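Trainee:
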Amino acid sequence: MKGKITMDQIITRFPPSPTGYLHVGGARTALFNWLYARNTGGKFILRIEDTDAVRSTQESVDAIFESLKWLEIDWDDGPYFQTKRYDLYKEYIQNLVDLGHAYYCTCTPEEIDAMREKAKAEGGKPRYDGRCRDKNLPPSDHAVVRLKAPPSGTTVIEDVVKGTIVFQNSELDDYIIQRSDGSPTYNLAVAVDDITMGVNVVLRGDDHVNNTPKQMMIYQALGIDLPVYGHLPMVLGSDKARLSKRHGAMSVSEFRDMGILPDAMLNYLVRLGWSFGDQEFFTRNELIEKFNLKNIGRSAGVFDQNKLLALNGEHIKASNPRDLIKPLRPFMNQRGYDPQDLDTLEKAIGTLLPRSKTLVEMAEGAEFYFTDIASYDEKAVQKCFQSPASDILGRLIQALEPLESFAEADLEHAFKGVMDDMGIGFGKVANPVRVALSGKNVSPGMFEMMGVLGKALALDRLKRAKAFIDAGI
RNA sequence: GGUCCCAUCGUCUAGGGGUUAGGACGCUGGCCUCUCACGCCGGUAACAUGGGUUCAAAUCCCAUUGGGAUCACCA
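Heads up, the numbering used here is the position in the first sequence plus 37, with the first residue counted as 1.
Printed below as a string of structure tokens:
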């Protein structure tokens with residue numbers, strides 16, 4: 038433990054178990070805890086729950102760190118690893134035994150199974166019957182340690198999101214806190230960690246509701262104040278079933294690879310289960326400022342990728358082009374180009390801001406600015422390189438050639454001249470030019486594009502297009 | 001099955017005794033327009049059901065139904 042715990046400081050934590058990548062549900066849990074800590078000026082702890090030796094992997098640990106870093110969810114303390122804290126757990130377990138709140142149990146798994154079968158057959162609940170509870174057994178090789186659960190009464194969670202939840206203690210049995218190999222079980226480790234780390238607000242998925250009374254019993258046995266609990270509703274797939282692979286993308290890294298902005302991801306995730314009136318769009322700072330526990334919803338939500346994409350488009354639109362250069366870079370590289378002229382790149386991004394829902398789309402849309410046009414889109418050729426196109430391009434080249442500036446007003450003047458000479462509208466001129474410059478019939482605005490390309494490149498492409506058309510005739 | 005949780009448009013949600021039940025995504029009609037977008041204006045679509053309480057219920061209570069979670073020497 039570092040530092041002293043001040044009771045008025047909120048301390049939250051995110052405790053993933055490293056048995057896979059970070060999925061969106063986990064990311065949302067992390068986000069809520071992080072936001073609450075940031076909102077209150079509290080502390081956010083990262084703890085890796087790696088006590089499952091079989092399923093925990095270093096790759097998963099790395100993947101979780103990487104995803105959190107990408108989301109820019111930073112932690113003030115940790116990462117702690119439970120496997121490095123076994124001495125501490127042992128100490129607490131011993132203490133519970135000494136206090137008479139836990140005991141050694143030598144029942145074999147077979148005996149336990151028989152117990153459960155018998156209980157079931159009699160219509161009762163499959164649970165441990167407490168036969169070692171009062172035997173006062175000493176530690177031995179294959180003994181486990183069980184917590185003495187109160188046999189009657191109730192355990193009540195005052196849940197900040199769900200309200201009061203009451204459990205009958207008669208439903209709970211003396212659960213194992215130390216395995217026969219001496220390792221601590223999940224509920225023990227969590228309680229000890231939360232206690233020793235000073236965690237006073239626990240926000241977690243509501244799949245943990247049934248664990249909560251078990252952990253509360255440890256606090257109560259030790260006479261320690263309970264943290265505030267809040268159980269977040271689950272994130273579901275489109276069929277309202279728990280999110281899984283068949284629902285498509287669900288890991289945070291997949292969304293990164295789709296060209297989602299971290300801030301958009303956060304914005305989407307937080308709105309899935311939290312609201313602030315009618316507001317849909319939030320910057321990261323707004324989220325920190327406005328987040329609260331009060332507005333967390335109680336019902337599970339379906340993950341809607343469409344809405345994420347729409348929100349991502351809004352975040353892109355609201356971005357400063359300069360800030361997009363870095364995140365966009367890998368997507369451009371993936372397409373095989375790597376612009377070095379940052380001013381031009383910034384301008385190019387500016388033209389694509391309102392027409393990109395993802396960075397993938399943006400990298401695709403920006404490609405023609407920085408790479409030669411290998412071939413013209415076939416449909417665009419058929420539609421826009423017909424009859425007067427060559428003539429139009431020829432006249433425009435002549436009008437453009439003497440220009441010193443490619444400012445919008447000058448370009449407009451040049452276009453106007455061609456339109457007047459030929460007695461045609463802007464559209465007639467613009468369409469062949471668009472294909473000549475971008476290779477496609479979908480592009481940013483004419484003058485925007487020419488401004489980014491610059492005179493030399495633009496003229497070169499117009500000439501090449503004219504030659505292409507003339508050769509085809 | 002036991003226990004626990006949940007229930008407003010297809011989806012995310014606002015509203016929480018008296019509202020034309022609001023917004024967003026999606027879908028859709030139109031406007032703008034050099035293409036595609038963006039933007040703007042409009043449309044579509046919801047209080048799960050049944051009982052109470054009340055002058056009045058989407059809102060409070062109960063039940064039903066439906067969905068989800070969990071019942072390990074996993075976390």
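For every residue, glycine included, the Cβ atom is placed at its ideal position computed from N, Cα and C.
All of these numbers come straight from a predicted model, not from anything done at the bench.
Quick one: what does DSSP say residue 228 is sitting in, helix, strand or coil?
Mentor: Helix at residue 228.
Trainee: Quick test of your reading: residue 289 and residue 64, contact by CB under 8 Å. State the CB separation rounded to the nearest angstrom.
Mentor: The pair is a contact, with the Cβ atoms about 5 Å apart (cut-off 8 Å).
Trainee: Tell me the residue span of the alpha helix (DSSP H) that contains residue 81.
Mentor: Counting along the chain, residue 81 falls outside any alpha helix (DSSP H), though it belongs to the beta strand (DSSP E) covering 80-85.
Trainee: Between the Cα of residue 295 and those of 68, 400, 411, spot the shortest distance and give me the residue it belongs to.
Mentor: When only C-alpha atoms are compared, the closest one is 400.
Trainee: Taking only three categories from DSSP, how would you classify residue 455?
Mentor: Of the three classes helix, strand and coil, the one that applies to residue 455 here is helix, per DSSP.
Trainee: Starting from residue 288, follow its DSSP beta bridges and name the residues at the other end.
Mentor: Looking at the DSSP assignment, residue 288 forms a beta bridge with 60.
Trainee: Going by the DSSP bridge assignment, what does residue 146 pair with across the sheet?
Mentor: According to DSSP, residue 146 bridges with nothing at all.
Trainee: Report the rounded CA-to-CA distance for residue 203 versus residue 59, giving the unit in angstroms.
Mentor: So the alpha carbons of these two residues sit roughly 32 Å apart.
Trainee: Report the residue ranges of all beta strand (DSSP E) runs contained in full by the segment 105-135; include only those spanning at least 3 residues, in chain order.
Mentor: The qualifying runs are 114-118.
Trainee: With which residues is residue 73 paired in a DSSP beta bridge?
Mentor: Answer is none; residue 73 lacks a bridge partner.
Trainee: Just curious, the beta strand (DSSP E) that residue 213 is in, first and last residue?
Mentor: Looking at the DSSP string, the run of the beta strand (DSSP E) that includes residue 213 is 213-215.
Trainee: With a threshold of 16 other CB atoms inside 10 Å of the CB of residue 237, please say whether the residue is buried or exposed.
Mentor: Residue 237 comes out buried.
Trainee: I need the boundaries of the alpha helix (DSSP H) containing residue 380, first residue and last residue.
Mentor: Element bounds for residue 380: 379-389.
Trainee: When you compare only the Cα positions, how much space is there between residue 500 and residue 424?
Mentor: Residue 500 and residue 424: Cα-Cα distance of roughly 16 Å.
Trainee: What are the start and end residues of the beta strand (DSSP E) that includes residue 268?
Mentor: 265-269 is the span of the beta strand (DSSP E), which, as asked, contains residue 268.
Trainee: Let me know the secondary structure DSSP gives residue 449 once reduced to three states.
Mentor: Note: residue 449 maps to helix in three-state DSSP.
Trainee: Residue 433: which of 398, 469, 111, 402 sits nearest, CA to CA?
Mentor: When only C-alpha atoms are compared, the closest one is 469.
Trainee: Kindly give me the distance between the Cβ atoms of residue 139 and residue 98, rounded to whole angstroms, as I take these residues to be in contact under 8 Å.
Mentor: Wrong, their Cβ atoms sit about 31 Å apart, outside the cutoff.
Trainee: What separation, rounded to the nearest whole angstrom, lies between the Cα atoms of residue 114 and residue 81?
Mentor: Going by the C-alpha atoms only, they are around 7 Å apart.
Trainee: Given that a residue counts as buried once 16 or more other Cβ atoms are within 10 Å of its Cβ, and exposed if not, what is residue 210?
Mentor: That one is buried.
Trainee: By the 10 Å Cβ neighbour count, where 16 or more other Cβ atoms means buried, how is residue 463 classified, buried or exposed?
Mentor: Exposed.
Trainee: Along the chain, where does the beta strand (DSSP E) that runs through residue 202 open and close?
Mentor: Unbroken beta strand (DSSP E) run through residue 202: 200-205.
Trainee: By alpha-carbon positions, which one of 337, 348, 413 ends up nearest to residue 393?
Mentor: Of 337, 348, 413, the residue nearest in Cα terms is 348.
Trainee: Start and end of the alpha helix (DSSP H) containing residue 308?
Mentor: Run containing residue 308: 299-308, per the alpha helix (DSSP H) assignment.
Trainee: With which residues is residue 473 paired in a DSSP beta bridge?
Mentor: Per DSSP, none; premise fails for residue 473.
Trainee: In angstroms with no decimal places, state the Cα-to-Cα distance between residue 71 and residue 49.
Mentor: Each residue's Cα considered, the two are about 7 Å apart.
Trainee: Can you find the residues in the same chain that come closer than 7 Å, C-beta to C-beta, to residue 112, ignoring five residues on each side of it along the sequence?
Mentor: The answer, listed in chain order, is 81, 82, 83.
Trainee: Quick one, which of 233, 100, 491 has its alpha-carbon nearest residue 128's?
Mentor: Ranking the options by Cα distance to residue 128, first place goes to 233.
Trainee: Alpha carbons only, please: which of 493, 268, 301, 235 is nearest the one belonging to residue 198?
Mentor: It is 268 whose Cα lies nearest to the Cα of residue 198.
Trainee: If contact is defined by three or more beta carbon pairs under 8 Å, each pair taking one atom from either stretch, is the segment 170-181 in contact with the segment 241-255?
Mentor: No: the two stretches stay apart, fewer than three of their Cβ pairs being nearer than 8 Å.
Trainee: Express the C-alpha separation of residue 354 and residue 505 in angstroms, rounding to a whole number.
Mentor: In a straight line, the C-alpha of residue 505 is about 36 Å away from that of residue 354.
Trainee: Would the segment 121-136 and the segment 307-319 be scored as touching if the rule is three or more Cβ pairs under 8 Å?
Mentor: No contact exists between the segment 121-136 and the segment 307-319.
Trainee: Since residue 389 and residue 411 should fall inside the 8 Å C-beta cutoff, what is the C-beta to C-beta distance between them, to a whole number of angstroms?
Mentor: The Cβ separation is near 20 Å, so there is no contact.
Trainee: By DSSP's criteria, residue 491 is part of a beta bridge. Which residues make up the other side?
Mentor: None; residue 491 has no bridge partner.
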